[in-house]
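Here's the structure we're looking at; comments come further down.
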Amino acid sequence: MNVLVFDIETVPDVAAGRRLYGLDLGDEDVARVMIHKRREESGQEFLRHYLHKVVAISVLLRRNDECRVWSLGDPTATEAEILGRFFEGLERFSPTLVSWNGGGFDLPVLHYRALLHKIPCSRYWETGEEDSAFRWNNYLSRYHARHTDVMDVLAGYQARATAPLDEISTFLGFPGKQGHDGAEVWGRYRRGEIDAIRDYCETDVLNTYLVFLRLELMRGHLTPEAHGKEEERLKAVLTASGKTHLSEFLRAWEATPA
135 MNVLVFDIET
145 VPDVAAGRRL
155 YGLDLGDEDV
165 ARVMIHKRRE
175 ESGQEFLRHY
185 LHKVVAISVL
195 LRRNDECRVW
205 SLGDPTATEA
215 EILGRFFEGL
225 ERFSPTLVSW
235 NGGGFDLPVL
245 HYRALLHKIP
255 CSRYWETGEE
265 DSAFRWNNYL
275 SRYHARHTDV
285 MDVLAGYQAR
295 ATAPLDEIST
305 FLGFPGKQGH
315 DGAEVWGRYR
325 RGEIDAIRDY
335 CETDVLNTYL
345 VFLRLELMRG
355 HLTPEAHGKE
365 EERLKAVLTA
375 SGKTHLSEFL
385 RAWEATPA
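Numbering of the sequence shown is given in our numbering, commencing with residue 135 and proceeding in unit increments.
Here it is, written out as structure tokens:
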């Protein structure tokens with residue numbers, strides 16, 4: 135395997151909101167105006183992709199004999215530093231990217247934010263001009279596997295058939311979300327709880343990876359024996375981590391009837 139499972143957490147980009155709308159207000163008020171304008175425009179409160187500031191990218195790397203989960207950068211890292219680490223990893227290792235709704239949300243957000251911060255990554259944008267192997271399998275084409283959006287694949291690329299990660303994880307007997315929700319990220323960020331955001335993001339990555347392994351079993355890319363070994367490998371990683379949120383994830387997983 136050479137797989138990088140990833141997930142991002144975002145908050146309103148209040149600096150951009152001030153520029154776009156000519157505001158001279160505090161962060162909370164700017165965010166409120168941004169959401170209000172979005173609601174007026176579209177009837178929904180979910181901001182456009184480019185107005186999401188990335189505050190965490192968590193990953194699980196499964197490569198050769200390595201399997202580990204962590205969040206990029208330290209808790210004080212800037213958005214540009216976090217993005218730089220993500221794209222540097224793609225440039226160096228060219229892993230298969232695995233996500234849940236990454237095609238619909240995470241990657242477009244990363245595109246816009248990398249554009250803002252001038253983050254290069256020729257490998258990510260490769261479509262065959264320099265490496266012919268990327269002509270038929272690259273990160274950008276929706277139906278290619280170099281980025282596998284597990285939600286999209288399972289839904290047959292039909293928007294009406296998609297489902298939330300939390301529900302599918304629970305449906306399959308995995309822990310799902312452990313007392314957190316994406317809607318809480320802005321509040322936690324405002325309170326300086328970046329570690330809690332990163333921990334939450336890492337558990338989403340674990341759920342995504344477990345669903346991905348089940349998909350690989352179903353597609354015949356893993357034998358039942360190999361699939362079982364991958365799950366046991368992950369349990370060993372969680373056991374050895376010494377991190378509370380990963381230990382709690384493992385306990386919830388093992389407490390669920392097979």
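Think of the CB as a built atom: it goes at the ideal place given N, C-alpha and C, for glycine as much as any other residue.
Bear in mind the structure is a predicted one, so any value in this text is a computation, not a measurement.
query = So what's S192 in DSSP terms, helix, strand or just coil?
reply = strand
6 Å Cβ shell around D141 - same chain, five flanking residues per side excluded = S192, C335, D338 and V339
request  = May I ask you to report which of helix, strand or coil DSSP gives L340?
outcome  = helix
ask   = Between which two residues does the beta strand (DSSP E) harbouring S205 extend?
value = E200 to S205
inquiry  = Would L231 and T296 qualify as a contact pair, given that the criterion is a beta-carbon distance under 9 Å?
reply    = no
ask   = Going along the chain, which residues of its own chain have a beta-carbon closer than 7 Å to the beta-carbon of Y273, five neighbours each way excluded?
value = L231, Y258, R280 and H281
query = Mind pulling the alpha helix (DSSP H) runs of 4 or more residues that sit fully within the segment 229-277?
reply = 241-251 and 256-259
request  = Using beta-carbon positions only, say whether V284 and L195 come within less than 9 Å of one another.
outcome  = no
request  = Identify every run of the beta strand (DSSP E) within the segment 361-390, keeping only runs that are complete inside it and at least 3 residues long; order them along the chain.
outcome  = none
ask   = When we look at the beta-carbon of S256 and count the other beta-carbons within 10 Å, is it buried (16 or more) or exposed?
value = exposed
Classification of R247 by the beta-carbon crowding that lies within 10 angstroms, buried from 16 upward = buried
Boundaries (first-last residue) of the alpha helix (DSSP H) holding H170 = D161 to S176
inquiry  = I need the DSSP call for P358, collapsed to helix, strand or coil.
reply    = helix
request  = Please name the residue in H361, D329 and P358 whose C-alpha comes closest to that of V189.
outcome  = D329
key: Pairwise C-alpha distance: I302 and L224   = 28 Å
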